[in-house]
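The structure under discussion appears below in the form of structure tokens.
In full-length UniProt numbering, the protein residues as written are 1 to 241.
If you want it as structure tokens, here you go:
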């Protein structure tokens, strides 16, 4: 029996401190394929539903690993750019709790509402069943999955290329802006795959619609707007040249 104090709390949260029960090997496998072949990750979704009767995973290992990656990235950013101890801790907390967890929760909430209102198939029996609606925990899983390739592309890529992409010439502008384009396309595509994997979601292609303004914005930015430099200035509150 589940203790009364734990009722209503998602299982994934109740297991956050139970490291021995987490499958870090599977989570690492999923993180790897989210980068090289994200479609393979969602092939496990239907099997998970059949065995555990939920679409969302109940193992927080993925959250722990991505948070750890971001904490390491925050430490590296702080050391490379000679931040104080307090500054380094602030960057680490900002990356984990604001950039990752808060944005993932907000994205999950928005897509949870949109998908259940606009994307469900009106002609299949799935849509009529409450059990075959998009779960908020699954929407959060998708947001978490989509965030990891972005972590490698932006948080890792900018750390390596940060001194180059902020320079005042078009080639550096091109590489920096293209880095942001790749990250945004990865995020949208992995999100789309997550909802396309659900058999009762019939209009998942709508989730690819942000790609058009992303590409238009990218092309316009090549006229002279250095996305990387402005993003770093906004993030760290200092001038980057």
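We put the beta carbon where it would ideally sit given N, CA and C, even for glycine.
Since residue 159 contacts residue 80 with CB under 8 Å, what's their CB separation in whole angstroms? Residue numbering aside, residue 159 sits at position 159 when the chain shown is read from its first letter. Residue numbering aside, residue 80 sits at position 80 when the chain shown is read from its first letter. The Cβ separation is near 7 Å, so the contact holds.
Provide the residue(s) that pair with residue 120 in DSSP beta bridges, ordered along the chain. In the chain shown, residue 120 corresponds to position 120, counting from 1. According to DSSP, which records beta bridges pairwise, residue 120 is partnered with 201.
Limits of the unbroken alpha helix (DSSP H) element including residue 31: Indexing the chain shown from 1 puts residue 31 at position 31. Start and end: 24-36.
Expressed to the nearest angstrom, what Euclidean distance is found between the alpha-carbon atoms of residue 178 and residue 184? Counting from 1 along the chain shown, the entry for residue 178 is found at position 178. Counting from 1 along the chain shown, the entry for residue 184 is found at position 184. Spanning the two alpha carbons is a distance of roughly 10 Å.
Exposure label - residue 170; buried when at least 16 CB within 10 Å: As a first step, residue 170 must be located in the chain shown, where it is residue number 170. Exposed: under 16 other Cβ atoms inside 10 Å.
Among the residues of its own chain, which have a CB less than 8 Å from the CB of residue 4, if the five just before and after it don't count? The residue you call residue 4 lines up with position 4 of the chain shown. With a pLDDT of 38 at residue 4, under the threshold of 50, the predicted position of this residue should be treated as unreliable, though the coordinate-derived value follows. Closer than 8 Å at the Cβ level, and outside the excluded window around residue 4, lies no residue.
Around the Cβ of residue 23, are there at least 16 other Cβ atoms within 10 angstroms (buried) or fewer (exposed)? Position 23 of the chain shown, counted from the start, is the residue given in the question as residue 23. With fewer than 16 other Cβ atoms within 10 Å, it is exposed.
With DSSP run on the structure shown, which of helix, strand or coil describes residue 237? Counted from its first residue, the chain shown places residue 237 at position 237. Residue 237 falls in the coil class under three-state DSSP.
Evaluate contact between the region 108-123 and the region 60-78, counting only Cβ atoms and requiring at least three cross-stretch pairs below 8 Å. no
Taking Cβ positions, are residue 207 and residue 227 nearer each other than 8 Å? As a first step, residue 207 is located in the chain shown; it is residue number 207 there, counting from the start. As a first step, residue 227 is located in the chain shown; it is residue number 227 there, counting from the start. Result no, Cβ atoms of residue 207 and residue 227 do not sit closer than 8 Å.
Skipping 5 residues on each side, what residues in its chain have a beta carbon closer than 7 Å to that of residue 92? Position 92 of the chain shown, counting from 1, holds the residue named residue 92. Cβ neighbours of residue 92 beyond the five flanking positions: 71, 74, 75.
Which same chain residues, not among the five before or five after residue 94, have their C-beta less than 8 Å away from its C-beta? Sequence index remark: in the chain shown, residue 94 carries index 94 (1-based). Taken in chain order, the residues that qualify are 74.
From residue 35 to residue 173, what does the alpha carbon distance come to, in whole angstroms? Taking the first residue of the chain shown as position 1, residue 35 is located at position 35. Taking the first residue of the chain shown as position 1, residue 173 is located at position 173. Using only the alpha carbons, I get a separation of about 25 Å.
Less than 8 Å between the C-beta atoms of residue 176 and residue 165, yes or no? In the chain shown, counting from the first residue as 1, residue 176 sits at position 176. In the chain shown, counting from the first residue as 1, residue 165 sits at position 165. Yes, Cβ-Cβ distance for residue 176 and residue 165 is below 8 Å.
How many angstroms separate the CA atom of residue 182 from the CA atom of residue 189? Here residue 182 refers to the residue found at position 182 of the chain shown. Here residue 189 refers to the residue found at position 189 of the chain shown. Answer to the nearest angstrom: the Cα atoms are 10 Å apart.
Close-in-space but distant-in-sequence residues of the same chain around residue 223 (CB under 7 Å, 5 per side omitted): Locating residue 223 in the chain shown gives position 223, counting from the first residue. Correct list: empty, nothing qualifies.
Among 210, 200, 167, 209, the one whose alpha carbon lies nearest that of residue 225: As a working note, residue 225 is residue 225 in the chain shown. The option with the nearest alpha carbon to residue 225 is 167.
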